[in-house]
Structure formats: structure tokens, C-alpha cells
Amino acid sequence: MAAFTAILRKDLRLELRSGESTLTLVFLSLLIMTVLTFALNAPAGDAATAAGALWVAMIFAGTIGAARGLIVEWENGCIRALLLSPADRAAIYCAKLVASFVFMALAEIAAIVLMVLFFNLDFGIRLIRLAPVLAMGALGFAALATLLATIQVRIRAGDLLLPLLTVPVFVPALIAGVKASNAALAGLPFDAFTQWLKILAACDILFLAAGYLLFEHVIGED
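For the sequence shown, the working numbering assigns the number 59 to the initial residue and increments by one for each residue that follows.
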């Protein structure tokens with residue numbers, strides 16, 4: 059627990075000083091939301107289009123953010139130092155996962171604000187129902203991307219490999235997340251919302267368990 063806290067504190071403190079990862083994710087989310095809004099030319103209040111655009115922004119920004127963070131730490135030797143330390147590999151993974159989740163959550167908040175403005179949605183109970191969907195989506199994606207990003211830092215052309223590995227594996231969670239978000243924004247019955255939320259929760263459990271169990275083998279000893 060001490061190793062997890064120390065690593066997480068270090069990552070968050072570095073981000074507070076530089077703001078590079080958060081600013082990159084926020085900028086990408088805003089850019090993708092803007093492009094999709096004008097490209098799709100959806101009518102005001104279109105919940106399905108708004109949900110789809112929001113998740114596309116989250117996936118693209120999250121993929122780039124996960125890759126960038128680990129590449130920097132690999133190049134400056136931080137990852138190697140952590141591997142040589144007595145810190146448990148699971149603690150390293152969990153700390154990186156939580157840090158990635160925090161950065162993605164900040165980017166999601168910016169994307170939600172832009173979604174509300176562009177699609178003329180009202181702040182209210184529907185956005186409150188959307189919150190757990192996005193939180194679970196960000197958690198699952200961060201768990202998967204953190205695991206797979208450790209592969210891409212070790213190989214040539216890893217930047218191209220990460221999206222090819224992450225997005226197809228995340229597709230079931232992506233579909234469930236978009237459906238649940240659409241149900242929340244459209245004000246559909248609670249059952250239509252929770253059935254997709256359960257699938258998203260199952261995907262999260264799978265990604266978290268896989269990351270926790272496999273990270274030690276993927277990262278190696280170096």
C-alpha cells in the first residue's frame with residue numbers, strides 16, 4: 059500500500075507541476091468533439107449522436123494519453139527504477155491505472171461541457187445518470203490501456219500497435235457504454251439503462267483482473 063501511494067503521489071505531483079498529460083487529453087477531447095459535431099451535423103438534443111461522439115473522444119484521448127505517459131517514463135528511466143525497487147508489480151500497475159483514470163476523468167469533464175453546448179442538452183438528472191457510465195468506462199479503458207501500453211514501449215512502432223490492440227479488445231465495453239450513455243441522455247426507462255451498465259461493469263472486472271494478474275509478466279524484470 060505504501061508503494062502504491064508513493065507512486066500515485068509522484069505521478070499526480072508531476073502532473074500538477076507540468077500539466078502536460080491533462081492538457082493533452084483535454085485538448086484532444088475538445089478537438090474530437092468539435093470535429094464530430096460539425097461533421098455529423100446532428101440536430102439539437104440528439105442523444106445517440108452525443109453519446110457516440112463523447113465515447114469516441116474518450117477512446118482516442120485515452121489511447122494517446124496512456125501511450126505518452128509510459129513512453130516518457132520509459133525513456134527517462136523511471137520505469138526501470140521502479141522495477142529495480144522492492145515495490146510490488148501490482149502496486150505499480152494500480153498506481154499507473156489510478157493516475158490514468160484521473161487524467162481521463164478530467165478530459166471527460168471538458169468533453170461533457172462541450173457536448174452539452176453543441177448538442178443543446180440540459181444539465182439535470184440525465185447527466186447525473188451519465189456520470190457512473192463514463193466513470194466505469196474510463197476505469198475499464200484505463201485498466202486495459204495501462205496493461206497494453208507496457209507492451210508498446212518495448213517494441214518498435216509501438217505507437218501504432220497500442221490502438222490496434224486496445225480498441226478491438228475494448229469494443230464490447232464501448233458498445234455497452236454508448237448504449238448506456240444513450241439511454242441516460244434520452245431519458246429511457248431505468249431498465250434500459252442498467253442492463254448495459256451491468257455489461258460495462260462485467261467488462262471492467264475482466265480488464266482489471268487481467269491487468270492485475272498479467273502486468274508483472276508483461277512488464278518483465280528489465
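A virtual CB, placed ideally from N, CA and C, is assigned to each residue, including glycine. Note that the coordinates shown come from a computational prediction; the quantities given were computed from them, not determined experimentally.
Residue i - containing alpha helix (DSSP H), residue span
i	result
Leu142	Cys136 to Leu142
Val160	Arg147 to Phe176
Asp104	Here Asp104 belongs to no alpha helix (DSSP H), and DSSP marks it neither H nor E.
Pro190	Ile183 to Gln210
Leu74	Ala60 to Ser76
Ile257	Phe248 to Ile277
Span separating the alpha-carbon of residue i from that of residue j
i	j	result
Pro368	Cys136	Absent from the model: residue 368. The displayed extent of the chain is 59 to 280, so no value can be given.
Ala241	Leu264	24 Å
Asn99	Ala106	13 Å
Leu112	Glu131	29 Å
Ala149	Phe96	43 Å
Phe176	Leu140	44 Å
Asp69	Leu222	26 Å
Glu274	Tyr151	8 Å
Pro226	Leu271	21 Å
Thr92	Ala193	22 Å
Ala207	Ala268	14 Å
Arg71	Ala108	33 Å
Leu258	Ser76	33 Å
Closest by C-alpha distance to residue i, when choosing among the options
i	options	result
Val114	Leu264, Phe273, Val276 and Gly235	Gly235
Leu266	Val156, Thr82 and Leu255	Val156
Ala189	Thr92, Ala238 and Lys256	Ala238
Val191	Leu66, Thr204 and Ile233	Ile233
Leu164	Leu272, Ser76 and Leu81	Leu81
Met173	Leu246, Asp104 and Thr63	Asp104
Leu74	Leu128, Val160 and Arg138	Val160
Ala203	Leu185, Thr224, Glu78 and Val276	Thr224
Leu246	Ala64, Leu128, Asn178 and Arg187	Arg187
Local Cβ density within 10 Å of residue i, reported as buried at 16 or more and exposed below that
i	result
Gly195	buried
Leu86	buried
Ala60	exposed
Ile183	exposed
Gln253	exposed
Val229	exposed
Glu166	buried
Sequence-distant residues of its chain with Cβ nearer than 8 Å to residue i (five each side left out)
i	result
Met162	Leu83, Met116, Ala119, Gly120, Gly123, Ala196, Phe199 and Ala200
Cut-off 7 Å between Cβ atoms - residues of its own chain near residue i, not counting five sequence neighbours on either side
i	result
Leu66	Ala153, Val156 and Ala157
Same chain only: Cβ atoms within 6 Å of residue i, ignoring 5 sequence neighbours per side
i	result
Leu94	Ala111
Any non-hydrogen atom of the ligand ATP within 7 Å of residue i CB
i	result
Leu86	Here there are no bound small molecules, and the ligand ATP is not part of this structure.
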